[in-house]
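Scroll down for the structure; my scribbles are underneath it.
There are 2 protein chains.
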Amino acid sequence: MALPPSLTPGDRLNIIIGVTGRATTGSRKNAGSASISDVAGSAGVSLMTVSRVINGHPRVSEETRRRVLAAIRKLNYRPIRAARDLSRGRSRSVTVMTSNTTLYGRAALLQGIEEAARYAGLHTDIGILESPRPSAVEAAIERSCDPASGGVIVIAFDLAGVRALRAIPAGIPVAAAVEINNVKDSRAYPTAALDDRAAAFAATQHLLDLGHRTVHHVSIPSSTNASARLQGWRAALREARARIPEVIAGGWTPQSGYEAGQRLAADRQVTAVLCGNDDLALGVIHALRQAGRAVPDSVSVVGFDDVPSAAFYAPPLTTVRLDFVGLGHDCFALLQHAADPDSIMPEFNAAAPKLVVRETTRPPRRP
Amino acid sequence: MALPPSLTPGDRLNIIIGVTGRATTGSRKNAGSASISDVAGSAGVSLMTVSRVINGHPRVSEETRRRVLAAIRKLNYRPIRAARDLSRGRSRSVTVMTSNTTLYGRAALLQGIEEAARYAGLHTDIGILESPRPSAVEAAIERSCDPASGGVIVIAFDLAGVRALRAIPAGIPVAAAVEINNVKDSRAYPTAALDDRAAAFAATQHLLDLGHRTVHHVSIPSSTNASARLQGWRAALREARARIPEVIAGGWTPQSGYEAGQRLAADRQVTAVLCGNDDLALGVIHALRQAGRAVPDSVSVVGFDDVPSAAFYAPPLTTVRLDFVGLGHDCFALLQHAADPDSIMPEFNAAAPKLVVRETTRPPRRP
DNA sequence: CTGAAAGCGCTTACAG
DNA sequence: CTGAAAGCGCTTACAG
Numbered sequence: 365m366a367l368p369p370s371l372t373p374g375d376r377l378n379i380i381i382g383v384t385g386r387a388t389t390g391s392r393k394n395a396g397s398a399s400i401s402d403v404a405g406s407a408g409v410s411l412m413t414v415s416r417v418i419n420g421h422p423r424v425s426e427e428t429r430r431r432v433l434a435a436i437r438k439l440n441y442r443p444i445r446a447a448r449d450l451s452r453g454r455s456r457s458v459t460v461m462t463s464n465t466t467l468y469g470r471a472a473l474l475q476g477i478e479e480a481a482r483y484a485g486l487h488t489d490i491g492i493l494e495s496p497r498p499s500a501v502e503a504a505i506e507r508s509c510d511p512a513s514g515g516v517i518v519i520a521f522d523l524a525g526v527r528a529l530r531a532i533p534a535g536i537p538v539a540a541a542v543e544i545n546n547v548k549d550s551r552a553y554p555t556a557a558l559d560d561r562a563a564a565f566a567a568t569q570h571l572l573d574l575g576h577r578t579v580h581h582v583s584i585p586s587s588t589n590a591s592a593r594l595q596g597w598r599a600a601l602r603e604a605r606a607r608i609p610e611v612i613a614g615g616w617t618p619q620s621g622y623e624a625g626q627r628l629a630a631d632r633q634v635t636a637v638l639c640g641n642d643d644l645a646l647g648v649i650h651a652l653r654q655a656g657r658a659v660p661d662s663v664s665v666v667g668f669d670d671v672p673s674a675a676f677y678a679p680p681l682t683t684v685r686l687d688f689v690g691l692g693h694d695c696f697a698l699l700q701h702a703a704d705p706d707s708i709m710p711e712f713n714a715a716a717p718k719l720v721v722r723e724t725t726r727p728p729r730r731p
Numbered sequence: 365m366a367l368p369p370s371l372t373p374g375d376r377l378n379i380i381i382g383v384t385g386r387a388t389t390g391s392r393k394n395a396g397s398a399s400i401s402d403v404a405g406s407a408g409v410s411l412m413t414v415s416r417v418i419n420g421h422p423r424v425s426e427e428t429r430r431r432v433l434a435a436i437r438k439l440n441y442r443p444i445r446a447a448r449d450l451s452r453g454r455s456r457s458v459t460v461m462t463s464n465t466t467l468y469g470r471a472a473l474l475q476g477i478e479e480a481a482r483y484a485g486l487h488t489d490i491g492i493l494e495s496p497r498p499s500a501v502e503a504a505i506e507r508s509c510d511p512a513s514g515g516v517i518v519i520a521f522d523l524a525g526v527r528a529l530r531a532i533p534a535g536i537p538v539a540a541a542v543e544i545n546n547v548k549d550s551r552a553y554p555t556a557a558l559d560d561r562a563a564a565f566a567a568t569q570h571l572l573d574l575g576h577r578t579v580h581h582v583s584i585p586s587s588t589n590a591s592a593r594l595q596g597w598r599a600a601l602r603e604a605r606a607r608i609p610e611v612i613a614g615g616w617t618p619q620s621g622y623e624a625g626q627r628l629a630a631d632r633q634v635t636a637v638l639c640g641n642d643d644l645a646l647g648v649i650h651a652l653r654q655a656g657r658a659v660p661d662s663v664s665v666v667g668f669d670d671v672p673s674a675a676f677y678a679p680p681l682t683t684v685r686l687d688f689v690g691l692g693h694d695c696f697a698l699l700q701h702a703a704d705p706d707s708i709m710p711e712f713n714a715a716a717p718k719l720v721v722r723e724t725t726r727p728p729r730r731p
């Protein structure tokens with residue numbers, strides 16, 4: 365355990381008392397914690413006054429506030445969440461529904477949402493979507509959607525998320541992070557998105573500018589035909605009057621990129637590949653290298669996301685940086701707006717996608 | 365947005381009704397949702413009976429149960445979390461306190477905890493530790509530790525976590541994931557750990573067996589002198605009567621590994637390096653390569669964790685696989701035990717660390 | 001500036 | 001198998 369060797373467990377109590385000044389006394393009904401009436405009694409005021417102090421209500425005399433605060437400290441009182449939430453009629457927490465939080469984009473998004481929520485005084489809890497099967501989605505909602513929830517943010521980058529979004533019960537404030545913001549859908553749900561289309565366009569353009577005749581694409585699962593990344597990629601190709609190759613459907617993992625890469629490696633026409641994310645790119649590059657097609661000498665590869673490791677891959681990966689944390693902030697702002705329609709529509713502050721050129725792209729070899 | 369193009373937003377209502385059979389009617393006080401008494405009224409039974417049905421209580425006649433279920437469906441009723449939690453005296457959620465969830469180990473651990481909690485019918489919420497400063501830790505606890513919480517699991521791999529663990533108010537069930545389980549500390553808190561010491565020992569041993577005279581170490585921040593990884597590394601060196609080099613303190617990121625790698629590259633004595641995690645290893649390798657010291661030709665490198673990408677790095681990384689998801693399960697089991705001391709102590713099921721030899725290690729060059 | 005009352009929506013005993 | 005009562009610990013009106 366990472367305890368400094370100089371501290372023995374016996375120090376625990378000392379530390380708690382030392383840091384917070386709390387006594388460990390006061391055992392009562394509810395798990396040994398003091399209630400608001402205990403504090404009121406101890407401070408010689410009404411329960412209402414304690415409530416006012418806790419909530420930072422202005423109309424409390426300094427003297428009273430001090431007494432109450434002292435009692436709170438003495439009894440080591442903290443409000444019970446459930447009681448507050450129940451009496452307020454709304455819980456003070458947002459739940460984020462998402463599949464697999466270990467994937468970079470979702471993890472960063474979750475971080476952004478949590479930051480914003482915390483800043484606004486809300487807690488974050490997570491509702492995992494195990495599978496896109498309707499019954500699984502339904503179960504996840506049954507489990508995670510409190511009717512008195514402070515709001516739900518669904519990460520609808522994949523089918524499970526899209527389905528969950530549609531099944532959120534009415535009456536719960538909701539917002540979603542989506543792959544692409546189109547007018548039709550944003551009328552149905554408040555949605556926030558990064559400009560994946562522009563990002564894919566820029567990445568493809570970069571490869572074309574280098575002199576590649578066309579650019580192949582290994583897609584992430586979310587990429588249906590309406591996918592923003594696919595759209596941007598196709599648009600750049602079309603604009604350059606380049607041939608539009610068939611999309612190779614990948615998964616989320618390097619392994620699935622590896623498998624796509626093996627197919628790509630077999631095709632001598634392939635000189636440039638745009639991948640749906642960096643993990644995919646890593647796998648693609650590995651397969652290419654194994655097949656004797658070095659990157660970038662023989663084939664150029666671009667990723668998507670700019671995960672923290674991408675700059676240290678060998679070779680360092682050219683990719684598009686996506687501001688998932690910023691998107692998380694935006695989603696939360698959107699949710700706040702959804703919860704209070706009288707509020708003004710928030711501005712989106714997530715950074716625009718940015719092409720980061722590193723060392724996996726270069727002009728094609730002259731035949 | 366990732367909606368199939370064939371579906372327009374107008375379909376939303378249809379889908380909700382279609383999938384769940386719910387009516388969208390019934391607007392009442394609390395955010396438009398029906399309460400348990402509404403259901404009771406509609407089904408012509410008492411509120412108690414509805415409660416029994418919801419909670420799967422056995423002593424309810426089939427006929428009654430059916431009627432209640434029908435009313436629940438008709439009114440689209442779902443229980444409000446806060447009300448349940450309050451009346452039960454304990455919330456049905458665990459909160460995971462951790463710093464930065466985007467780091468692989470923590471993300472995987474969180475996933476494991478969430479899985480186990482979900483399986484047990486509990487929700488998971490997250491309490492982020494922004495900094496190890498005592499005031500920040502205290503604030504995080506103030507924010508996240510509901511006195512009626514179902515329990516808290518703290519990820520105490522770093523200083524912030526260790527401090528948080530010690531400051532969890534008495535009366536809240538708690539368990540911790542720690543770097544190393546020692547007898548003293550596990551008497552103070554229920555803790556679960558992976559055998560990092562054995563893992564580091566095995567990794568170091570592997571390098572020594574290859575013929576390296578000694579092994580350098582780039583550590584993650586958690587690694588104090590009592591760190592399990594340091595212990596295992598030192599023990600292996602000592603056993604082999606090898607020189608024990610000074611530890612190079614790294615951070616969590618590839619960038620910090622890169623900086624450590626630059627220092628290592630300058631030292632011609634260095635032929636083998638054990639890194640505190642895979643990200644660090646990636647950075648170290650990058651720096652080494654830039655300095656003209658190829659891996660593994662000139663220097664061998666071993667990581668820690670076996671992140672999903674490690675097998676696809678160039679070269680594929682030799683590392684130690686750690687079962688963080690399993691550790692998460694174990695932490696949750698431990699918490700359950702802490703919440704109910706009469707229960708039997710759970711067995712730990714996390715897989716033992718496993719050295720995965722790939723291509724960043726080989727015998728040192730003959731001078 | 002302070003307080004007494006009512007109520008949030010459930011569940012836990014206690015009866016029958 | 002079913003129900004009437006009391007209460008969980010807060011906050012929201014409403015008074016003063």
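Which chain is which? The protein sequence lines are V and B, in order. Going by our numbering, the residue at position 259 of the first sequence is 623; the numbering climbs one at a time, nothing skipped. Going by our numbering, the residue at position 301 of the second sequence is 665; the numbering climbs one at a time, nothing skipped. Yeah, the Cβ is synthetic: ideal placement off N, Cα and C, and Gly gets one too.
Close partners of V:Ser-457 in chain B (Cβ separation under 8 Å): Asp-489. Counting along the chain, no beta strand (DSSP E) covers V:Ala-600; the unbroken alpha helix (DSSP H) around it starts and ends at 592–603.
Scanning the region 460–499 of chain B from its first residue to its last, the whole alpha helix (DSSP H) runs of 4-plus residues come out as 468–483. In the DSSP assignment, V:Ser-620 forms no beta bridge with any residue.
Within chain V, no C-beta atom comes nearer than 9 Å to that of B:Leu-638; the closest sits roughly 18 Å away.
Nearest CB-CB separation between V:Gly-647 and chain B: below the 8 Å threshold.
Under the Cβ criterion of 8 Å, B:Asn-440 is counted among the residues facing chain V. If you draw a straight line from the Cα of B:Gln-626 to the Cα of B:Leu-652, it is about 7 Å long. Taking the Cα of B:Thr-568 as reference, the smallest distance to any Cα among B:Ala-557, B:Leu-558, B:Asp-559 and B:His-581 is reached at B:His-581. Secondary structure note for B:Arg-527: its alpha helix (DSSP H) is the uninterrupted segment 523–531. Between V:Ile-490 and V:Cys-509, the C-beta gap is not smaller than 8 Å, which leaves the two residues out of contact. Assignment of beta-bridge partners to B:Cys-695 by DSSP yields no partner.
Rounded to whole angstroms, the Cβ separation of V:Asp-670 and V:Asp-642 is 7 Å, and the two are in contact under 8 Å. DSSP lists V:Arg-685 as the beta-bridge partner residues of V:Asp-669. Counting along the chain, the unbroken beta strand (DSSP E) around B:Leu-638 starts and ends at 636–639. Residue environment analysis places V:Asp-687 among the buried positions, since at least 16 neighbouring C-beta atoms fall within 10 angstroms of its C-beta. Among the residues facing chain V, B:Phe-712 is not included, as its CB has no counterpart in that chain under 8 Å away. B:Lys-718 is bridged by DSSP to B:Arg-685.
Three or more beta-carbon pairs drawn from the region 466–483 of chain V and the region 688–696 of chain V are found closer than 8 Å, and the two stretches are therefore classed as touching.
Where B:Ile-519 is concerned, the enclosing beta strand (DSSP E) starts and stops at 515–520. Taking 9 Å as the cut-off between beta carbons, the residues of the region 618–632 of chain B near chain V are Pro-618, Gln-619, Gly-621 and Tyr-622, in sequence order.
When beta bridges are read from the DSSP output, V:Ser-410 appears opposite no residue.
In this structure, B:Gln-595 is the residue among B:Gly-575, B:Ala-500, B:Tyr-553 and B:Gln-595 with its C-alpha nearest to the C-alpha of B:Ala-563. For chain B, the residues of the region 646–675 of chain V that bring a beta carbon within less than 8 Å of one of its beta carbons are Leu-646, Gly-647, Ile-649, His-650, Arg-653, Pro-672, Ser-673 and Ala-675, in chain order.
At least one beta carbon of chain V lies nearer than 8 Å to the beta carbon of B:Leu-474. Within the region 509–528 of chain B, the residues whose Cβ lies closer than 9 Å to some Cβ of chain V are Cys-509, Asp-510, Pro-511, Ala-512, Ser-513, Ala-520, Phe-521, Asp-522, Leu-523, Gly-525, Val-526 and Arg-527, listed in chain order. Below 8 Å, too few C-beta pairs join the region 430–440 of chain B and the region 492–505 of chain B to call them touching: fewer than three. Secondary structure note for V:Ala-564: it is in no beta strand (DSSP E), and the uninterrupted alpha helix (DSSP H) holding it is 560–573. When C-alpha distances from B:Thr-725 are compared across B:Leu-467, B:Pro-679, B:Ala-702 and B:Cys-695, the shortest belongs to B:Pro-679. Of the residues B:Ile-400, B:Pro-554, B:Ala-606 and B:Gly-621, the one whose Cα lies closest to the Cα of V:Ser-673 is B:Gly-621. Residue-level contact check: V:Asp-643 touches chain B, since one or more beta carbons of chain B fall below 8 Å from its beta carbon. Put simply, the CB of V:Glu-723 is far from chain B, with every gap to its CB atoms at 8 Å or more. Using a CB distance cut-off of 8 Å, V:Asp-704 does not count as an interface residue toward chain B. For V:Met-461, the number of other beta carbons within 10 angstroms of its own is at least 16, and it is reported as buried. Spanning the alpha carbons of V:Leu-719 and B:Ser-463 requires a straight line of approximately 29 Å. For the pair B:Ala-539 and B:Val-501, the CB atoms are not nearer than the 8 Å cut-off.
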